[in-house]
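Asker:
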Amino acid sequence: MMADKNYLIENVLRRTEKEELKPEVLRQLKVLRGDENTKPVVYVGAGTCGLGAGAAQTMQHARTWLAEKGIDAEVIPVGCIGLCSSEPLLDVKLPGRKRISFEHVSAEKVAPILEQVFAGKLPQADILGQFAEQDTQESWEHVPALTDHFFFKPQVRLVLENCGITNPVSIEEYIARGGYRAYLNSLKVFSREELCDFVEKSGLRGRGGGGFPTGKKWKFALGTESEQKYLICNADEGDPGAFMDRAVIEGDPHKLLEGMAIAAYAIGASKAYVYIRAEYPLAIERLVIAIDQAKQYGLIGKNIFDSGVDLDIVIKKGAGAFVCGEETALIHSIEGKRGMPRPRPPFPAVSGLFGKPTIINNVETLSNLPTIINKGADWFSSMGTATSKGTKVFALSGKISLTGLVEIPMGTSIREIIFTVAGGVPNGKKFKAVQMGGPSGGCVTDQNLDIPIDYESLLNVGAMMGSGGMVVMDEDTCMVDVAKFFMDFIQRESCGKCIPCREGTRRMLEILESITTKPKNRETHEPLARFKGVLQIEKLGKVIRDTSLCGLGQSAPNPVLSTLKWFREEYEEHVFDKKCRAGVCTNLRVYTIDVENCTGCTLCAKKCPTNAIIGGRKQPHFIIPDKCISCGACEEACNFNAVKVS
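Numbering (the working numbering), first residue to last: -14 to 631.
1. So the candidates are Tyr28, Leu74, Leu51; which of them puts its Cα closest to the Cα of Gly39?
2. Given this structure, state the Cα-to-Cα distance separating Met(-13) from Asp111, to the nearest angstrom.
3. Around the C-beta of Ser452, are 16 or more other C-beta atoms found within 10 angstroms, so that it is buried, or is it exposed?
4. Pick from Lys214, Arg262, Ala249: whose alpha carbon is nearest that of Arg632?
5. Out of Val429, Gly447, Leu534, Phe516, point me to the one whose CA is closest to Ile484's CA.
6. With a threshold of 16 other CB atoms inside 10 Å of the CB of Gly340, please say whether the residue is buried or exposed.
7. For Phe561, count neighbouring C-beta atoms within 10 Å of its own C-beta (all shown protein chains included) and say buried if the count is 16 or more, exposed if not.
8. Considering only residues of the same chain and omitting the five flanking positions on each side of Ala41, which have a CB-CB separation below 8 Å?
9. Just how far apart, CA to CA, sit Phe197 and Gly191?
10. Would you call the CB atoms of Glu392 and Val378 closer than 8 Å?
11. So does the segment 148 to 164 actually touch the segment 257 to 276, counting three or more Cβ pairs closer than 8 Å?
12. Going by CA-CA distance only, name the one from Ala58, Phe103, Ser352 that's closest to Asn147.
13. Which runs of the alpha helix (DSSP H) fall wholly inside the segment 403 to 450 and span at least 4 residues, in chain order?
14. Between Ile234 and the ligand COA, is there a pair consisting of the residue's CB and a ligand heavy atom that are separated by less than 7 Å?
15. Would you decide whether Arg142 is buried or exposed? Buried here means 16 or more other CB atoms lie within 10 Å of its CB.
16. Please classify Val580 as buried or exposed, where buried requires at least 16 neighbouring CB atoms within 10 angstroms.
17. Starting from the C-beta of Ser442, find all residues in its chain whose C-beta is less than 6 Å away, skip the five residues before and the five after it, and write them out in chain order.
18. Quick check: the Cα distance between Asp76 and Gly389, rounded to an integer number of angstroms?
19. Please state whether DSSP places Cys218 in a helix, a strand or coil.
20. When the Cα of Ile234 is compared with those of Asn219, Lys417, Gly226, Pro225, which residue comes out closest?
21. In three-state DSSP terms, what is Asp459?
22. Quick check on Ser70: does DSSP put it in helix, strand or coil?
23. Tell me Thr587's beta-bridge partners as DSSP assigns them.
24. Ignoring anything shorter than 4 residues or poking outside the segment 326 to 372, list the alpha helix (DSSP H) runs there in chain order.
25. Does the beta-carbon of Asn635 have 16 or more other beta-carbons within 10 angstroms, so that it is buried, or is it exposed?
26. Three Cβ pairs or more, each shorter than 8 Å: is that satisfied between the segment 214 to 228 and the segment 297 to 310?
27. Would you decide whether Asp431 is buried or exposed? Buried here means 16 or more other CB atoms lie within 10 Å of its CB.
28. Inspect the beta-carbon positions of Met368 and Pro328 and report whether they are closer than 8 Å.
29. If the criterion is Cβ atoms closer than 8 Å, does the pair Gln115 and Ala96 meet it?
30. If you reduce the DSSP assignment to three classes, tell me which class Thr313 lands in.
31. Ser547 by DSSP, collapsed to three states: which one?
32. Closest to Thr577 by CA distance: which of Pro594, Pro610, Cys586, Val545 is it?
33. With DSSP run on the structure shown, which of helix, strand or coil describes Pro8?
34. Using 8 Å as the threshold, is the segment 452 to 470 in touch with the segment 418 to 428, meaning 3 or more CB pairs across them?
Below is the structure:
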């Protein structure tokens, strides 16, 4: 009865906006939401990050323990709550008690934790917090609220509201929490023009990187006459260190579908695509289930809730090409063509998929829409800065204490995200920089950590919002090596259509590889080429930026230009001193042998692949610098600490 489709449709979805729900319906919705459960429920964080940490084994051990004890309880896999570094996460909700969360629950910890919790006791360790929202439930003594945890306290969770909390494959629970009401109210209350105006008034800007006003973008497609229009959700996040879209779809697919339905209605589209990389099997699986459920409830299909509106949603799997994150390349991929950008105009909003008006929004942009419709444009625009409204989801990775997903209001400083929310840099190391915006972005240094998170502020310091990846680096990071990593990625992912990107990025990578490697022959022109390369790389980057065809090509030099701007002295050390201060560039390491420690055992000479070590048996050995390739084999072989590295 609680999850009956017709019951929910007639009593929840079909009610008018001002109609109050009956007390018996409210009570039943509380049960459906899990606020008032009649039997114990065990929740396990089973997003990709959780499964990678062992959540499947945690779930299996929980089911086995419950079966052995003869306890009638549910085990529900949920998405990622954002605190990836604490996975596997396990929550327990006993009838009448608040839901309590535990971290680092590996398989062997399951039985001891459940044993004590079901006995009404608490383990001594691994408690993360309890869910404070369930006010009518009995609290666990001396257990802080999960929302008071320093990771969650500064956050305002709109897009991530249900992630890690609700069952992602239960449309009934989503409806019980107010799901799809924003969409149905939009059909009843707004004309298409009014809905575009409403979203434009909210100040929502595209969360995929460019930051173009969403409502304004919609109006271009709405104002273009066509018998067929399309909406595309871009879920092809290809930036290294970015996993926001994946986590949102795994944890709350129905919010994305509702946002897509709202956007499709606003522009007059009857067909929508989710373009998602095939490397996201779990996200795809849950999205397929969610689409099927929405069709069963009549929320996708023909004449949705007697409104005369039709909508079909199709999943299109991408092959993981970074360039397909660019709008026109993505369109070509859906059409079955090679993913390559085309010149604009015409823009996709006028002539896009199959030559028809097409709007492309990313996962986070679309997932914001239900909340904006429910709470109002003014409410949403009250958060953030003058030009950047609402919240932004960031994926934190790298040299940071707590990795995971955070959603913070626009205007929050980068320093607060790194040092307050994520706990700062571990192991007593000094913060060096944070790469923002992925390969197309740039690094933010300590002197700019107090700038607010908004589109314009980041651009002013040579970085960009991008899709929301933040890779934190400490003092042991070589910034030249970072630039080389991103340039290698960009060069390999270039579609090759335009010469500046195809050839320019290759040349930039060659220069970076040259200056991170010792000259092989000092009597040739190679040392001069290294010097000339670092002088040319900045000019080359600007040419690529100014002449490339698409936005990805135009932003391709950003990692190099940004590191050059803030860490030029490291480039100069690599060129002139042939030294990497972080010791990361192994080809620049200088190996010598301490004759006082050397016993002449000959192990190092035997392991040297270039015969660069000379010396007789039981006599001190020496390394010939010009023959040494800095492979480190001698250091690994030496048992007497005689090989020194500088």
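Each residue gets a CB set at the ideal place from its N, CA and C atoms; glycine is no exception.
Answerer: Taking the geometry as given:
1. Closest option to Gly39, Cα to Cα, is Leu74.
2. With a pLDDT of only 49 at Met(-13), under 50, the local geometry of the prediction cannot be trusted, and no value is derived from it.
3. By the neighbour-count criterion, in which a residue is buried when 16 or more other Cβ atoms sit within 10 angstroms of its Cβ, Ser452 is buried.
4. One cannot answer for residue 632 here, as it falls past the ends of the chain, which runs -14 to 631.
5. Among Val429, Gly447, Leu534, Phe516, the Cα nearest to that of Ile484 belongs to Leu534.
6. The residue in question, Gly340, is exposed, as its Cβ has fewer than 16 Cβ neighbours within 10 Å.
7. Exposed, because fewer than 16 other Cβ atoms sit within 10 Å of the Cβ of Phe561.
8. Here the set comprises Ala31.
9. A straight-line Cα-Cα distance of about 5 Å links Phe197 and Gly191.
10. Val378 sits close to Glu392, with the two beta carbons spaced by under 8 Å.
11. The answer is yes - the segment 257 to 276 touches the segment 148 to 164, with three or more Cβ pairs under 8 Å.
12. Nearest in C-alpha terms to Asn147, of all of Ala58, Phe103, Ser352, is Ser352.
13. 440 to 445, all fully within the segment 403 to 450.
14. Questions concerning the ligand COA fall outside what the structure shown contains, since it holds no ligand whatsoever.
15. So Arg142 ends up on the buried side.
16. So Val580 counts as exposed.
17. So the list reads Ile436, once near-sequence residues are dropped.
18. Approximately 18 Å, taken between the alpha carbons.
19. Cys218 sits in a strand when the DSSP states are folded into three classes.
20. Closest option to Ile234, Cα to Cα, is Asn219.
21. Under the three-state reduction of DSSP, Asp459 is assigned to strand.
22. Ser70 carries a helical assignment under DSSP once its states are collapsed to helix, strand and coil.
23. BP columns for Thr587 are empty, so no partner.
24. Counting only runs of 4 or more, we get 348 to 360, 362 to 366.
25. With the chain covering -14 to 631 only, the question about residue 635 has no answer from this structure.
26. These segments touch.
27. By the neighbour-count rule (16 or more Cβ atoms within 10 Å), Asp431 is not buried but exposed.
28. Going by beta carbons, Met368 and Pro328 fall outside the 8 Å limit.
29. No.
30. The answer is helix: DSSP assigns Thr313 an H, G or I state.
31. Three-state DSSP puts Ser547 in a helix.
32. Selection Pro594, Pro610, Cys586, Val545 evaluated against Thr577 yields Pro610 as nearest (Cα-Cα).
33. Pro8: helix per DSSP, three-state reduction.
34. Yes, since at least three Cβ pairs between the segment 452 to 470 and the segment 418 to 428 fall closer than 8 Å, the two stretches touch.
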